[in-house]
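Engineer: Handing you a structure now.
Protein chains: 2
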Amino acid sequence: MFEEGAFLKKEHGAGNVYDFSLGNPNLQPPENFRRALQNMVTSLKEGGHSYMPNTGYPHVRRSVADFLSVEQQVAIAEGDIIMTCGAAGALNVIFKAILDPEDEIITPAPFFVEYGFYAENHGGKLKPVTTEPDFTLDINAVAAAITEKTRAVLINSPNNPTGQIYSRESLFELGDLLNARGKELGRTLYLISDEPYRKIVYDGREVPGLFTCYNESIIATSYSKDISIPGERIGFLAVNPNASYREELLGGMALANRILGFVNAPALMQKVISSIQGACVDVSVYARKRDLLCDGLSDFGYEFVKPSGAFYLFPRTPDPDDVKFVRALQKELILTVPGSGFGGPGHFRIAYCVGDETITNAMPGFKRVMEKYR
Amino acid sequence: MFEEGAFLKKEHGAGNVYDFSLGNPNLQPPENFRRALQNMVTSLKEGGHSYMPNTGYPHVRRSVADFLSVEQQVAIAEGDIIMTCGAAGALNVIFKAILDPEDEIITPAPFFVEYGFYAENHGGKLKPVTTEPDFTLDINAVAAAITEKTRAVLINSPNNPTGQIYSRESLFELGDLLNARGKELGRTLYLISDEPYRKIVYDGREVPGLFTCYNESIIATSYSKDISIPGERIGFLAVNPNASYREELLGGMALANRILGFVNAPALMQKVISSIQGACVDVSVYARKRDLLCDGLSDFGYEFVKPSGAFYLFPRTPDPDDVKFVRALQKELILTVPGSGFGGPGHFRIAYCVGDETITNAMPGFKRVMEKYR
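What follows is the structure, encoded as structure tokens:
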């Protein structure tokens, strides 16, 4: 994606290509991040770049735990946290620790493209299930998909690619389901929440805390999107302090973090984020971009569920063949991603974490392509 | 290891525990690293922490390639390099890309403890082979271990835990062997060199360049040891430009870097190391520590091969049970690692990347334990 975009930009000039293909935030990191980084680099003590425990610096894990305790309304300790190389690193560590060969991970579709790889890396299998027409959870679909091979349900809220947020009620229902079916099957069924977009929400919406909804739960997240530092690979995982196998899980995950080759989350960035817990870019900027995009596309006849969070729009394609439709947009130098890759055929993903002018200037192209289908 | 050491230090006071258990360099990063980091943080442009291609920033890969071209005496291009989360990340990426289920990786013993995990992570199997009494390569042992399941030979020179360097002649011999047997078996046999200690060598020794010895070769390395920044997780892999499947290898490894959850090597550190190619701590300090340790232990009757590189000593244990011997040292508050874990039973590893006073103050304990065996 990255390379293809670069190629087109070289050919046509960067300003003439409208690249909505990547979740690479265009906002700059907030001022307190930049200050914290400067200060940290200036004041680094001896050994500031050395190895630390594979789980991360104790003081960093403590500050993350303190922040998370408030967010989740559950007392979380330093020992419940492992610092990771982003949420992608966290998910691989979690899967390595919990999956037996052929184990299944259920995930509501559409879902983040990489999940299938992450499961397969560790001998597991991703099993997508349908959601409601507005992309909220369909608990019956999850229930129908549970087998004696199920190990976990993986959710992503706010969702990439739909921007949907799952309600507290639906998480409680999901927790109850996993609890009941886990008892029947004699197996712990985990609920894993990948939530790097938690702070990027609109219209006063909130992302409910997972840990009060279900005990056998694990959070994977990163600072990539809320602080706009995805290239730095810093995030963490948190195990619910009330999980039945809390200690075994954390032991296994610490080992997995080491042997998968992450070893530890990058030292300097651990220390930087520790001092700015809760920091976030100005989300109203993304809200404005969302409105700009939604208003424009709606006028041209595009159909979509207006996203409540993240920075993606997932409209229907007027052509049942979403790859073909995305190619038609590409001829207008508009780069988007077919929904099929996300388990959402008949749709396409627009990442609107781009400059306003990209959105504005792409509008005539979006209009022309849609007009061919009317 | 890390945690056990921390526990003993808490109990007895840090100054009274002699911790030789970890390859965590005690030297501070060189001044040019610190300056480069300061400058980079001050001058970071917009998007300085964004995603870049999964393989790394093009300009960073270019500067690595330029440096490596001189070191290896082979013209290496930006496209032959993938920036990774340290050498551990590089090895996992390489194995993910080249291993089929049940494939075997031959490695001369003693070997770095993690190799077995790295191979198993991706469905492979580590197959250790013996070395000569001075820990140099035993080509016949490698030859005898090759089967139709062999995919690669993994070497580590200077070696952890022995400090041995493999000669150019032996690498040529090894290359010839792999070439001949690969043809017979109708399979490409790779030679992978894990070389984070390349710059840490003594007595005028040099580490021969791999790429002129054998075409089907891959380098994995990091800046952890030579710049003393192991916590930052920055390294790279390089594919021999003359490798038969160069393009397929690099494509597979770029994908592996992404889907294993590394995504990319940390952005800021990529840019920092790019500007200080060739930087290294003052190796004469490690040489002094080596001599201090070797002279002392030799006087007490310890037997060992004096290391030519890295910062490890791998003496024989007077007790055939090396775990028992290491426990006896631990009672003297001297922390070392049994050789069995490295596939070198009857030995133990001393990491001497510690303060001089740790070496000096541990001497009476080393003496007392040895005396019990005389």
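In the order they appear, the protein sequences are chains U and Y. Take any residue in the first sequence, count from 1 to its spot, add 747: that is its number in my numbering. Take any residue in the second sequence, count from 1 to its spot, add 747: that is its number in my numbering. For every residue, glycine included, the Cβ atom is placed at its ideal position computed from N, Cα and C.
1) Just the chain U side, please: which residues come within less than 8 Å of Ser975/Y by C-beta, in chain order?
2) Compute the beta-carbon to beta-carbon distance between Gly1025/U and Gln820/U, rounded to the nearest angstrom, for a pair I have assumed lies under 8 Å.
3) What are the partner residues of Pro875/U, as DSSP defines its beta bridges?
4) If you count every other CB in all the chains shown that lies within 10 Å of the CB of Asp941/Y, and 16 or more means buried, which is it?
5) Apart from the five residues just before and just after Val948/Y, which ones in its own chain have a Cβ nearer than 8 Å to its Cβ?
6) Does the count of Cβ pairs from the stretch 889 to 903 of chain Y and the stretch 852 to 859 of chain Y closer than 8 Å reach three?
7) Anyone know if the C-beta pair for Met787/Y and Arg808/Y falls short of 8 Å?
8) To the nearest whole angstrom, what separates the beta carbons of Leu1082/Y and Pro1062/Y, a pair I think is in contact under 8 Å?
9) Shortest alpha-carbon distance to Pro800/U belongs to which of Gly1112/U, Gln1077/U and Pro1013/U?
10) Given a cut-off of 8 Å on the beta-carbon distance, is the pair Phe1095/U and Asp1069/U in contact?
11) How long is the line joining the alpha carbons of Glu1118/Y and Gln1077/Y, rounded to whole angstroms?
12) Could you list which residues in chain Y have their beta carbon closer than 7 Å to that of Gln1024/U, in chain order?
13) Got a sec? Which residues, its chain only, sit under 8 Å from Val840/U by beta carbon, not counting five neighbours each side?
14) Which of the residues in the stretch 828 to 849 of chain Y, read from start to end, lie with their CB under 7 Å from any CB of chain U?
15) Is there a Cβ from chain U that is less than 8 Å from the Cβ of Gln775/Y?
16) When you compare the stretch 931 to 940 of chain U with the stretch 881 to 888 of chain U, are there three or more beta-carbon pairs, one atom per stretch, that lie closer than 8 Å?
17) Should Arg980/U be flagged as near chain Y, meaning a C-beta pair shorter than 8 Å?
18) Kindly list the residues whose CB is nearer than 6 Å to the CB of Arg899/U, restricted to its own chain and excluding five residues on each side of it in sequence; keep chain order.
19) Would you verify that the beta carbon of Ala1014/U is, or is not, closer than 8 Å to some beta carbon of chain Y?
20) From the DSSP output, in three-state form, read off Asp1046/Y for me.
21) Please report the residue range of the alpha helix (DSSP H) in which Leu774/Y lies.
22) Are the beta-carbon atoms of Arg928/U and Ile893/U separated by less than 8 Å?
23) Should Ser991/Y be labelled buried (16 or more other beta-carbon atoms within 10 Å of its own) or exposed?
24) Can you check whether the C-beta of Phe1058/U is within less than 8 Å of a C-beta belonging to chain Y?
25) According to DSSP, is Ile765/Y helix, strand or coil?
26) Considering Cα atoms alone, identify which of Ala844/Y, Gly770/Y, Lys756/Y and Gly803/Y is closest to Arg993/Y.
27) Take Lys1018/U as the anchor and find which of Phe864/U, Glu963/U and Gln785/U has the nearest alpha-carbon.
28) Only counting the same chain, and skipping five residues up and downstream in sequence, which positions put a Cβ closer than 8 Å to that of Gly1102/Y?
29) Cβ atoms of Leu884/U and Leu925/U: under 8 Å apart, would you say?
30) Buried or exposed: Arg1074/Y, going by 16 or more other Cβ atoms within 10 Å of its Cβ?
31) By the three-class DSSP mapping on this structure, what secondary structure does Ala1026/Y have?
32) Assign Gly760/U to one of two classes, buried (16 or more other C-beta atoms within 10 Å of its C-beta) or exposed (fewer than that).
33) With a cut-off of 8 Å on the beta carbons, I'd call Pro908/U and Gly1091/U a contact; round off their distance for me.
34) Helix or strand or just coil, what does DSSP make of Gly956/Y?
35) Using Cβ-Cβ distances below 7 Å, what residues of the stretch 995 to 1014 of chain U are close to chain Y?
36) Between Val817/Y and Tyr798/Y, what straight-line distance do the alpha-carbon atoms span, to the nearest angstrom?
Structural biologist: Concretely, from the data shown:
1) Listed along chain U are His796 and Ser797, each with a C-beta nearer than 8 Å to that of Ser975/Y.
2) A Cβ-Cβ distance of about 15 Å is found for the pair Gly1025/U and Gln820/U, leaving them out of contact under the 8 Å criterion.
3) According to DSSP, which records beta bridges pairwise, Pro875/U is partnered with Thr854/U.
4) By the 16-neighbour rule on beta-carbons within 10 angstroms, Asp941/Y is buried.
5) These residues qualify, in order along the chain: Pro905, Ile912, Val954, Val1030, Ser1055 and Gly1056.
6) Short answer: they touch.
7) For Met787/Y and Arg808/Y, no; Cβs fall outside 8 Å.
8) Not really, about 15 Å apart at Cβ, beyond 8 Å.
9) With distances taken between Cα atoms, Pro800/U lies closest to Pro1013/U.
10) Cβ atoms of Phe1095/U and Asp1069/U: closer than 8 Å.
11) Approximately 15 Å between the Cα atoms of the pair.
12) Simply none; closest approach about 18 Å.
13) So the list reads Ile829, Thr831, Leu984, Met1000, Ala1003, Asn1004, Leu1007 and Phe1009, once near-sequence residues are dropped.
14) For the stretch 828 to 849 of chain Y, residues whose beta-carbon sits nearer than 7 Å to a beta-carbon of chain U comprise Cys832, Gly833, Ala835, Gly836, Leu838 and Asn839.
15) Yes, contact with chain U.
16) No, the stretch 931 to 940 of chain U is not in contact with the stretch 881 to 888 of chain U.
17) Yes, Arg980/U counts as interfacial toward chain Y.
18) In the sequence on display, residue 899/U carries Ala and not Arg. Answer for Ala899/U: Ile852, Tyr937 and Ile939, listed in chain order.
19) At least one chain Y Cβ lies under 8 Å of Ala1014/U.
20) Look at Asp1046/Y here: in three-state DSSP terms it is helix.
21) It is not in any alpha helix (DSSP H) - Leu774/Y carries neither H nor E in the DSSP assignment.
22) Yes, Cβ-Cβ distance for Arg928/U and Ile893/U is below 8 Å.
23) With fewer than 16 other CB atoms across the displayed protein chains lying within 10 angstroms of its CB, Ser991/Y is exposed.
24) Chain Y contact via Cβ: absent.
25) Here residue 765/Y turns out to be Tyr, not Ile, going by the sequence shown. Strand at Tyr765/Y.
26) It is Ala844/Y.
27) Of the listed residues, the one whose Cα sits closest to Lys1018/U is Gln785/U.
28) Cβ within range, chain order: Asn773.
29) It is not a contact, given that the beta carbons lie outside the stated cut-off.
30) Around the C-beta of Arg1074/Y, fewer than 16 other C-beta atoms lie within 10 Å, and the residue is accordingly described as exposed.
31) Coil at Ala1026/Y, not helix or strand.
32) Exposed.
33) Contact holds; Cβ gap of about 7 Å.
34) DSSP places Gly956/Y in coil when its eight states are reduced to three.
35) Within the stretch 995 to 1014 of chain U, the residues whose Cβ lies closer than 7 Å to any Cβ of chain Y are, in chain order, Ile1006, Leu1007, Gly1008, Phe1009, Val1010, Asn1011, Pro1013 and Ala1014.
36) Answer to the nearest angstrom: the Cα atoms are 30 Å apart.
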